[in-house]
Every structure is written in structure tokens, then in C-alpha cells.
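If you use the working numbering, the sequence shown corresponds to residues -7 to 115, in order. Report on the following structure.
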Amino acid sequence: MEICGFKIGLDQPLFVIAGPCVVESEQLAIDTAGRLHEITSRLGINFIFKSSYDKANRSSIGSYRGPGIDAGLQVLANVREQVGVPVLTDVHEDTPLADVAAVVDVMQTPAFLCRQTNFIVNV
């Protein structure tokens, strides 16, 4: 398999997808991505930054979900541009996919769609 030009497999070098669970602030995202990029580059590890603009699978409807799509995608775009790393985020059943695809390198679909807050609220 290949993602963002990185070959992934048992016979390939270690590959890391990492970052804050949810975008809390632009500065935290850029600082975290930058530090992870420094470490993985030094160690020869392929790296993709991951963070979510909307964590729709919180256990409480009142929990912080993120800054929302517009602000969150701007943060992810800035991480990609300023740090120079590929960016991944998760998408949901009501995500405008074209908008997200224009900003990130990889879109991840959560495994437990039935636990998605928007889906449960609509049901």
C-alpha cells in the first residue's frame, strides 16, 4: 500500500500517523506537527500529521468537538504549508468531502459510524 508517496507494509520502514486527537489551537497543532516532524525525520520514519476539526464521536454531547470545519481546515492547511508534512483528518457522514479533500492529503473514515454524534442525534 502507498499513502502520500510512503510505502506501507511489513517489509517497509516504520510509518507513523500522529497528532492531537482534535484541533485545540493553531499554535498547538503547528508546534506538535513541527516537533513530530523533527523527531521522525531524524529517525528516518515516515510521518503524516493527524488531527480532527470535529470529533463527532464524543461520549457526551456537551464535550469539546473541535473548532468546526472552516476554522479546523484552515489550521490543517496552515500545518501542511508551514511544517511541510502531509495531513490527515477524519470525515463523517455529513462532511463536505470536496472541501476537505482540497485541504488534506488523506481522509479517514471512522470505523464506528454508529457512534457518530451527528448520526445518533439525527436518529
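Think of the CB as a built atom: it goes at the ideal place given N, C-alpha and C, for glycine as much as any other residue.
The three-state reading of DSSP puts Asp62 in helix, counting H, G and I together. Judged by DSSP in its simplified three-state form, Ile40 adopts strand. Residue environment: Pro88 is assigned as exposed (fewer than 16 neighbouring CB atoms within 10 Å of its CB, all protein chains considered). Our two residues, Leu6 and Ser51, have alpha carbons roughly 32 Å apart in a direct line. Measuring C-alpha to C-alpha distances from Phe41 to each of Glu(-6), Ser17, Gly26, Ser55 identifies Gly26 as the nearest. When rounded, the separation of the alpha-carbon atoms in Leu28 and Ala63 is 22 Å.
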